[in-house]
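Trainee: The numbers in the numbering used here rise by one with no breaks, and the one at position 581 of the sequence shown is 581.
A virtual CB, placed ideally from N, CA and C, is assigned to each residue, including glycine.
Supplied in structure tokens, the structure appears directly below.
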Amino acid sequence: MQLPSPSVSRRGLLKGAAVAAGSAAVGIGTTGTAAAADTSVTATAPDGSTTITMSPTGGALSWSAKRRGATVVNSSALGLKLSDGTMLGRSGTVITNYQHWTTDKTWTPTYGRNATVRDWYQEMRWNLRDTATLINFSVQIRAYPSGVAFRYVLLDKGTATIADELTTFVFPDSTLVHSARDEAAYNPVAPGSIPVTGTSGTDDGPLTDLPLTATYASGGLIACICESSRVNFPRLMLSSVSGQPNTLATYLMEHTARGSGPVQTTSTVTTPFATPWRAVVTGSHHAELVDNAELVLNLAPANVLTDTSWIKPGKVFRCQLTTAAGLAGVDFAVARGMQYIEYDSGWYGPERGTTDATRSIPEIDLPRVLSYAADKGVGLLLYINPMAMADVDGLFSLYKSWGVAGVKLGFINDGTQAMTNQIIAWAKTAATYNLLIDMHDDVRPFGFERTYPNWVSMEGVRGNEQFPTSSHNVTLPFARNVGGPMDYTICYGQSRDKTTNAHQMAMAAVYYQPLNFIYWYDSPSKFSNTANWPGLPWFDAIPTTWDESHTLTGSIGQHIAVARRKGTTWYLGAMTNESAPTLSLPLSFLGGGNWTATVYADGTPGTSAYQTPVVVSTRTVTSATVLSMAMAPSGGQAVVLKPS
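Here it is in structure tokens:
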């Protein structure tokens, strides 16, 4: 989107609209001159479902949001603080002009939850002036059927140094927020009760990471706060506010997530400059929230790559660090319908003590494995620690010459303005050399998998390899995964699992993870007797990107069921927490005629969840069928639906 630019100097008055709605706008946008001092403006989603209101009461800016008449966010503050102490939006703010329009367009992602994405919203935009400093700025608000969003724009040409963002989120009474920092488990608490975390070397206080999900006393309404289009700006956290139990305030990170790297207390930018979008994805019920996650992508810059034909999401098998394991991994990938193998940390030596990632350890004949994989049509991914990335351009160029398919970067702890820019630069450089990129550890999504679709996945979550609870697993679809793709290794057949094997199987359909690491901690020999592993055909068949997705039912921390289509085949995954509900799932999303359902379900519970057997059955269903799923504790079901 083109940024608005004033037609006069920073001390001049804006003269009319400065932003063209572009070819995407429906009808003609409206421009006006200065409005009354205390006038409110509301953007309403074209289908009427959501609204976001902005008000300049007494010269101080505020905002609020609703979904289908229910309050999502009560009147809350807007504003930016500059390094000289100027607080834009807190007082003395006047409106110089406004614009509004409706946009309705459809775009095609390189890959995603759906084959097409509708970008349909109403935007209201106020151009404003701070009367004390005569600084010109803008607040842009948008209302989509899937939620609301807003951002700030500094309009004057030059530079500015931003010290803080003054946005707050004031929730209705009895709201709970599902708080998690770094790789901690989610903790549902009142907004004013975020636990204090951090150390003297990190951002310290009652802070929580994004995405952050809020649930309401009404029981149905749900919202997830995310950010999108973060460029040249620090990562956003949210903080409890002392004495304000329903309020969260924005907190711009000054340290990297785990305290390594330089501290940045301010961000200097070239203006005009737009801050990241603050997105509030909403649902009238919990399942709807999951299906509205594409709001984050709609707010991100469009794909900048002219050729994306080489970008192939898929399934990955991690190999042990030997030549023989790599060759066996390739054969396993071919047999099991997987697209990639990966050598993880240690392939070039101890990652915390080795800065040369241009040669493998003696135990791995990398040229041999690469050649064998290429002959079999399997790609190879390589792990790198940032310690070995002093010359990223040279390193990625070398990997391309070797025939490497992509890189997995470990210990990517973003947070500061500099780290945001570094992360984007890595994705851009990887694209230059036709490399996929997967970023691990404490990195959070901001929609740039749309802009650089080779950035195919990231972590930023308590991983499944830590064997979390099933409650954690059925929280993620409504929280972290709303923000963007999630690398969450599937640990099928692991005795340390706190879930059933069918629960692990269902993850492949429930989670959106375009690069899906399966059979974590395992070797091909474990599965040599396929009769012992009835879930293998499910993993063989399931893709990682989709033509169509529908969340059928769900409740955060309780249960979820998602159906996704690729071609003519549907894949349905259902998961539950430690309880054992029976889910009733209408199959109305199916087309006409008869369909064959292959059902992978939990059998009689064993002495531990892991020991619960997978039972396979088939039946004929139609779009009128309602599947009744009796779930085991910490269990799941996986269903393949094919037209008969």
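Quick one: what's residue 290 bridged to in DSSP?
Mentor: Answer is none; residue 290 lacks a bridge partner.
Trainee: Looking at C-beta atoms only, is the number of pairs between the stretch 373-390 and the stretch 342-353 that lie closer than 8 Å three or more?
Mentor: With the cut-off at 8 Å, the stretch 373-390 and the stretch 342-353 touch.
Trainee: Considering only residues of the stretch 88-153, which uninterrupted beta strand (DSSP E) runs meet the minimum length of 3 residues and lie entirely inside it, listed in chain order?
Mentor: Whole beta strand (DSSP E) segments, 3+ residues: 93-107, 117-130, 136-144.
Trainee: Please identify the residue among 548, 601, 608 whose C-alpha is closest to the C-alpha of residue 108.
Mentor: Checked all of 548, 601, 608; the closest Cα to residue 108 is 548.
Trainee: Can you give me the Cβ contacts of residue 198 inside the same chain, cut-off strictly under 6 Å, excluding the 5 residues immediately before and after it?
Mentor: Correct list, in chain order: 204.
Trainee: Could you spell out where the beta strand (DSSP E) holding residue 51 opens and where it closes?
Mentor: First-last of the beta strand (DSSP E) with residue 51: 50-55.
Trainee: Assess, as a yes-or-no matter, whether the stretch 287-303 is touched by the stretch 172-183 under the definition of 3 or more beta carbon pairs within less than 8 Å.
Mentor: With a cut-off of 8 Å, the stretch 287-303 and the stretch 172-183 do not count as touching, because too few Cβ pairs lie within range.
Trainee: What residue does the beta strand (DSSP E) around residue 327 start on, and which one ends it?
Mentor: Run containing residue 327: none in the beta strand (DSSP E); it sits in the alpha helix (DSSP H), 323-335.
Trainee: In whole angstroms, what is the alpha-carbon distance linking residue 624 and residue 568?
Mentor: Approximately 18 Å, taken between the alpha carbons.
Trainee: Sorted by chain position, which residues of the same chain lie with C-beta nearer than 7 Å to residue 586's C-beta, five sequence neighbours on each side aside?
Mentor: If we look at residue 586 and ignore the five residues flanking it on each side, its Cβ neighbours are 626.
Trainee: Buried or exposed for residue 599, going by 16 or more other Cβ atoms inside 10 Å?
Mentor: So residue 599 ends up on the buried side.
Trainee: Could you pull out every unbroken alpha helix (DSSP H) segment of at least 4 residues lying fully inside the stretch 458-504, listed in chain order?
Mentor: The qualifying runs are 470-473, 480-483.
Trainee: Determine, using beta carbons only, whether residue 530 and residue 536 come nearer to each other than 9 Å.
Mentor: Yes; because the gap between Cβ atoms is below 9 Å, this pair is in contact.
Trainee: Apply the 10 Å Cβ neighbour rule to residue 310 and answer buried if 16 or more other Cβ atoms are within range, or exposed otherwise.
Mentor: Classification of residue 310: exposed, given that the 10 Å Cβ count is below 16.
Trainee: Whole-angstrom Cβ separation of residue 113 and residue 276, contact assumed at under 8 Å?
Mentor: In fact, because the Cβ distance is near 22 Å, the residues do not count as touching under 8 Å.
Trainee: Using only the alpha-carbon positions, how far apart do residue 193 and residue 541 sit?
Mentor: In a straight line, the C-alpha of residue 193 is about 45 Å away from that of residue 541.
Trainee: From the DSSP secondary-structure annotation, give me the bridge partner or partners of residue 236.
Mentor: Residue 236 pairs with 252.
Trainee: Consult DSSP for residue 371 and reduce its assignment to one of helix, strand or coil.
Mentor: Reduced to three states, the DSSP call for residue 371 is helix.
Trainee: Using DSSP with H/G/I as helix, E/B as strand and the rest coil, what is residue 400?
Mentor: Correct three-state label for residue 400: helix.
Trainee: Within the chosen definition, does the stretch 265-272 reach the stretch 443-456 through at least 3 CB pairs nearer than 8 Å?
Mentor: With the cut-off at 8 Å, the stretch 265-272 and the stretch 443-456 do not touch.
Trainee: Can you tell which of 89, 110, 50, 106 has the C-alpha that lies nearest to the C-alpha of residue 455?
Mentor: Answer by Cα proximity: 110.
Trainee: Excluding five sequence neighbours on each side, which residues of the same chain lie with their C-beta closer than 8 Å to the C-beta of residue 117?
Mentor: Around residue 117: 106, 107, 108, 109, 294, 297, 298.
Trainee: Any idea which residues DSSP pairs residue 575 with across the strands?
Mentor: According to DSSP, which records beta bridges pairwise, residue 575 is partnered with 560, 636.
Trainee: Helix, strand or coil: which one does DSSP assign to residue 62?
Mentor: Strand.
Trainee: Cα-Cα, which of 411, 334, 344 is closest to residue 259?
Mentor: Considering only alpha carbons, the answer is 411.
Trainee: Name the DSSP bridge partner or partners of residue 176?
Mentor: Answer is 215, bridged to residue 176.
Trainee: Closest to residue 328 by CA distance: which of 592, 554, 214, 525 is it?
Mentor: Among 592, 554, 214, 525, the Cα nearest to that of residue 328 belongs to 525.
Trainee: Would you give the residue range spanned by the beta strand (DSSP E) that residue 341 belongs to?
Mentor: From DSSP, the beta strand (DSSP E) with residue 341 extends over 340-343.
Trainee: Can you check which of these residues, 434, 54, 499, 321, is closest to residue 312 by C-alpha distance?
Mentor: If we check each option's Cα against that of residue 312, 434 comes out closest.
Trainee: Would residue 453 be called buried (16 or more neighbouring beta carbons within 10 Å of its own) or exposed?
Mentor: Under this definition residue 453 is a buried residue.
Trainee: CA-CA distance, residue 190 and residue 196?
Mentor: Roughly 14 Å separates the two Cα atoms.
Trainee: Kindly confirm or deny that the stretch 400-419 and the stretch 367-381 touch, where touching means at least three C-beta pairs closer than 8 Å.
Mentor: Contact holds: three or more Cβ-Cβ distances are below 8 Å.
Trainee: In three-state DSSP terms, what is residue 245?
Mentor: In the structure shown, residue 245 sits in a strand (DSSP, three-state: E or B).
Trainee: I'd like the list of long-range same chain contacts for residue 48, defined as Cβ closer than 6 Å, with 5 residues on each side in sequence excluded.
Mentor: No residues qualify anywhere along the chain.
Trainee: Does the contact criterion of 3 or more C-beta pairs under 8 Å hold for the stretch 574-583 versus the stretch 554-566?
Mentor: The answer is yes - the stretch 554-566 touches the stretch 574-583, with three or more Cβ pairs under 8 Å.
Trainee: For residue 330, collect the residues of the same chain with a Cβ closer than 8 Å to its Cβ; drop the 5 residues on either side in sequence, then sort them by chain order.
Mentor: So the list reads 341, 369, 372, 373, 376, 378, once near-sequence residues are dropped.
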